[in-house]
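I have placed the structure first, in the form of structure tokens, so that the comments after it can refer back to it.
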Amino acid sequence: QKEVEQDPGPLSVPEGAIVSLNCTYSNSAFQYFMWYRQYSRKGPELLMYTYSSGNKEDGRFTAQVDKSSKYISLFIRDSQPSDSATYLCANSDSWGKFQFGAGTQVVVTP
Amino acid sequence: KAGVTQTPRYLIKTRGQQVTLSCSPISGHRSVSWYQQTPGQGLQFLFEYFSETQRNKGNFPGRFSGRQFSNSRSEMNVSTLELGDSALYLCASSSGDRAGETQYFGPGTRLLVL
Numbered sequence: 002q003k004e005v006e007q008d009p010g011p012l013s014v015p016e017g018a019i020v021s022l023n024c025t026y027s028n029s030a031f032q033y034f035m036w037y038r039q040y041s042r043k044g045p046e047l048l049m050y051t052y053s054s055g056n057k058e059d060g061r062f063t064a065q066v067d068k069s070s071k072y073i074s075l076f077i078r079d080s081q082p083s084d085s086a087t088y089l090c091a092n093s094d095s096w097g098k099f100q101f102g103a104g105t106q107v108v109v110t111p
Numbered sequence: 212k213a214g215v216t217q218t219p220r221y222l223i224k225t226r227g228q229q230v231t232l233s234c235s236p237i238s239g240h241r242s243v244s245w246y247q248q249t250p251g252q253g254l255q256f257l258f259e260y261f262s263e264t265q266r267n268k269g270n271f272p273g274r275f276s277g278r279q280f281s282n283s284r285s286e287m288n289v290s291t292l293e294l295g296d297s298a299l300y301l302c303a304s305s306s307g308d309r310a311g312e313t314q315y316f317g318p319g320t321r322l323l324v325l
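So the sequences go chain by chain: A and B. Using my numbering, read the first sequence as starting at 2 and increasing by one per residue. Using my numbering, read the second sequence as starting at 212 and increasing by one per residue.
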């Protein structure tokens with residue numbers, strides 16, 4: 002079993018809809034949580050970073066962490082075709098060990 | 212600040228050859244991590260260098276090696292290339308001296324082994 006599980010998709014939504022992405026992890030040592038966006042043939046780009054349970058909002062993006070359930074989510078409001086990309090969740094522990102999910106491909110159709 | 216840079220961006224090699232990839236981290240960052248990304252396996256951690264020392268290592272064979280220079284630039288070498296080494300190789304940098312800080316990725320080097 003991988004330490005970070007993520008549905009590979011693809012997840013297809015119409016423009017303007019809310020995109021909902023989820024990730025589960027198994028290691029309680031993970032204390033820091035990130036979401037990256039990766040466009041085709043590019044490197045991952047940091048979108049959101051949080052270290053506590055609860056919600057963190059940044060523009061159209063909301064990251065949600067539930068440490069008790071080991072569950073993290075990313076919501077994208079008012080989705081645009083430019084949001085079409087692969088979204089990677091990532092966790093790290095206090096010693097700098099990172100684990101990445103396999104990524105969920107999102108397609109936003111006009 | 213300039214971002215993480217990687218060279219070359221694309222490489223084509225044949226089986227049995229060796230290859231060296233280069234990564235320049237964000238200015239002031241002392242940690243460089245290397246990842247292999249393939250469609251089937253996702254992002255897999257190769258190793259991390261901090262202040263010229265390998266600090267963490269993933270589960271890759273010894274054909275994969277790396278080093279870091281005093282200016283924090285890092286190189287990764289793959290010897291005796293196999294077809295399965297075809298992948299996007301990403302490096303990520305961070306300051307490396309604070310718990311919980313995140314990593315910033317370069318654009319990657321796409322390696323094709325024929």
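By construction, the Cβ of each residue, glycine as well, lies at the ideal position given by its N, Cα and C atoms. Nothing here was measured: the structure is a model prediction, and the numbers come from that model.
Spatial neighbours of residue 216 of chain B in its own chain (CB-CB distance under 7 Å, excluding positions within 5 residues in sequence) are listed in chain order as 235, 317. When secondary structure is reduced to three states using DSSP, residue 82 of chain A falls in the helix class.
Residue 32 of chain A and residue 92 of chain A have their alpha carbons spaced roughly 7 Å apart.
Counting the other Cβ atoms within 10 Å of the Cβ of residue 96 of chain A gives fewer than 16, which makes it exposed.
Scanning the region 272-317 of chain B for uninterrupted beta strand (DSSP E) segments of 3 residues or longer gives 275-279, 285-289, 298-305, listed from N- to C-terminal end.
Look at the region 41-58 of chain A: the residues with a C-beta under 8 Å from a C-beta of chain B are 42, 43, 44, 45, 46, 47, 50, 52. Within chain A, no C-beta atom comes nearer than 7 Å to that of residue 269 of chain B; the closest sits roughly 10 Å away. The C-alpha of residue 15 of chain A is placed about 5 Å away from the C-alpha of residue 110 of chain A. A straight line joining the alpha-carbon of residue 88 of chain A with that of residue 269 of chain B spans about 23 Å. Considering only A:79, A:103, A:43, the residue with the shortest C-alpha distance to residue 63 of chain A is A:79. Of the candidates B:281, B:293, B:264, B:245, B:293 places its Cα closest to the Cα of residue 274 of chain B.
For residue 68 of chain A, no chain B residue has a Cβ inside 9 Å of its Cβ, as the nearest lies near 14 Å away. By a beta-carbon distance limit of 8 Å, residue 105 of chain A contacts residue 12 of chain A. Their separation comes to about 6 Å.
Residue pairing of residue 54 of chain A in beta bridges, as defined by DSSP: absent, with no partner found.
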